[in-house]
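Asker:
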Amino acid sequence: MKLKILILAILLSISLFAQDMSDLQQTSLLALNKISVTIGGDFIINGTFPASATERVDEFVTRTYNQYRLALLATAKDNRSLTELKAEIDEFAERGIVLKHMDGSEQIIDLQKFHLTADYIENPYLLNGDVIIFPQLDWDRNFVEVEGAVNKPSQFQYVEGDRLSCAILFARGISAAYETSDSIEISRLSYDGMKEEIMLVSLEDNPKINRGDRIRVVSNETQKRDFKVLVGGEVNKPGYVYITKNKTTIKEVIKKVGGFKENADLLNSELIRGSLQARARNLKEQPYQDRRRSFNLQAFSVQTDLLMMNRMANVEVEDSLSLIIDNQLRNAKTIVTVDFKEVLDDSSDNSKVVVKDGDIIFVPEITNLVYVFGQAMNPGYIDFIDGMDYKYYIEKAGGIGNAAKDEVYLIKGKTRAYVDMTDEDYQYKIESGDYIWVPKEFPRTFDFYLTRTARIAAVVAAVATVYLAFK
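If you're matching positions, the sequence shown starts at 1245 in our numbering and goes up one per residue.
1. For T1319 and Y1312, what's the separation of their Cα atoms in angstroms?
2. Check whether the Cβ atoms of E1404 and R1458 lie closer than 9 Å to each other.
3. Looking only at C-alpha atoms, which of G1476, R1696, K1452 sits nearest to V1607?
4. Could you spell out where the beta strand (DSSP E) holding S1431 opens and where it closes?
5. Are I1655 and A1647 touching if we call contact CB-CB under 9 Å?
6. Compute the beta-carbon to beta-carbon distance between G1284 and I1377, rounded to the nearest angstrom, for a pair I have assumed lies under 8 Å.
7. Going along the chain, which residues of its own chain have a beta-carbon closer than 7 Å to the beta-carbon of E1441, five neighbours each way excluded?
8. Hey, quick one: how far does the alpha helix (DSSP H) through Q1619 stretch, first residue to last?
9. Within 10 angstroms of its Cβ, does G1348 collect 16 or more other Cβ (buried), or is it exposed?
10. Between D1302 and L1381, which are expected to be in contact by the criterion C-beta below 8 Å, what is the C-beta distance as a whole number of angstroms?
11. Which word fits K1468, buried or exposed, when buried means at least 16 other C-beta atoms lie within 10 angstroms of its C-beta?
12. How is R1407 classed by DSSP in three states: helix, strand or coil?
13. Specify, as a first and last residue, the run of the beta strand (DSSP E) that R1517 falls within.
14. So, for Y1486: in the same chain, excluding its five sequence neighbours on each side, which residues have a beta-carbon less than 6 Å away from its beta-carbon?
15. Quick check on DSSP: helix, strand or coil for Q1380?
16. What are the start and end residues of the alpha helix (DSSP H) that includes Q1401?
17. Just to confirm the assignment, what range does the beta strand (DSSP E) spanning Y1742 have?
18. Across which residues does DSSP place D1627 in a beta bridge pair?
19. Which first and last residues belong to the beta strand (DSSP E) in which Q1356 is found?
20. Among G1642, D1470, S1513, Y1670, whose alpha-carbon lies nearest the alpha-carbon of K1658?
So this is what it looks like as structure tokens:
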């Protein structure tokens, strides 16, 4: 037994000694791989930092930047200082980086090009004693801009010696969505910015470009877009329907969804136009928008539209509130007037109504019901009978309660328009899907009438006093 314990102890000692030797060897190897690299220029931090001999420039720069960025952001005391700090440190030059070696040799690094091409010449391994110097970023004067028929219109940092191919590379190439690109324009301003020279070039020639050049790959705008409308409700094949740009009619759309079902309520069906907010959002997503300039698109907002409506409106204060409500509804739900009973009739203008991208067609189900609510004894749905007046439906709802007003309103199911049915001057027709509302007469206390009488008496007394004074 003692012999077994002795052998086990020896084996354990050998294992621990081997592990210690392995850890020591790894530590020695790590120490051998450690190098020092200095960062200078316009970077988030300057100084000398430890690196690994197996690290490339991009890995070392990214690691150092992220480490010190988090540390700096943690020092922000409020949201304002955090926003200002982010704007100051969230970018650094990725092109024109100078890598200096201890032997005096230099190399120009282009990390942006490396990210697009995976060319490791632009991202070499680091050596002990290397110095990385970042140039100053100046988006106002040291830039080249690319727009037009490219995959990603953008601006990029100019580096001496750049050619047209660099611009096309940073714009992710010419877009295959455009069938033809007629030419490439280079717009070059004079030093004082007062004169413009436009040069027509080709990618095959690959000319050198200058600082501040604006490059436009010219092509007719493609109209191959995802134009579609949404059709829901009582049609045979509801869903998205693909259409052409400003040419497909509502009749063609209804045919694509297989026509109406037998229980479709064509009277209350709606064609709803795409909203103003959607149009403004599409403008923001247009590829020609400058990525570094904040264009003012408030002209397309709902708020600006309301201000335009109110600018020269000569209305009372009470009417202005109604105008605000009506205008918000106009922007939120723009209805195109269509008689759906005639959309399949070639002889009717209703069949020729052109639908637009983003439109919604909704066809509700025939309910054959009228909803009675308010001061009715048994509010709820009543079976619709053509030609019957409001008194019939109120009687079916159990009659009018004691607190009801004298007025009874018809609210149209499609437009929500109000009609006072007790006013004999108004002509109305109750239809399936309509609402009948009996409003409530709020009780008035003695104090209410006393206060009202006192105010009237005060006005009469004031008028009498003025009259007697003049007389």
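Each residue gets a CB set at the ideal place from its N, CA and C atoms; glycine is no exception.
Answerer: Concretely, from the data shown:
1. 11 Å
2. no
3. G1476
4. 1427-1433
5. no
6. 5 Å
7. R1432
8. Element bounds for Q1619: n/a, residue is neither H nor E.
9. exposed
10. That belief does not hold up - the Cβ atoms of D1302 and L1381 are roughly 18 Å apart, past 8 Å.
11. exposed
12. strand
13. 1514-1517
14. K1472
15. coil
16. Segment 1398-1401 is the beta strand (DSSP E) holding Q1401; no alpha helix (DSSP H) there.
17. Residue 1742 lies beyond the stretch modelled for the chain, which goes from 1245 to 1715, so this question has no answer here.
18. L1613
19. Careful: Q1356 lies outside any beta strand (DSSP E), inside the alpha helix (DSSP H) at 1355-1361.
20. S1513
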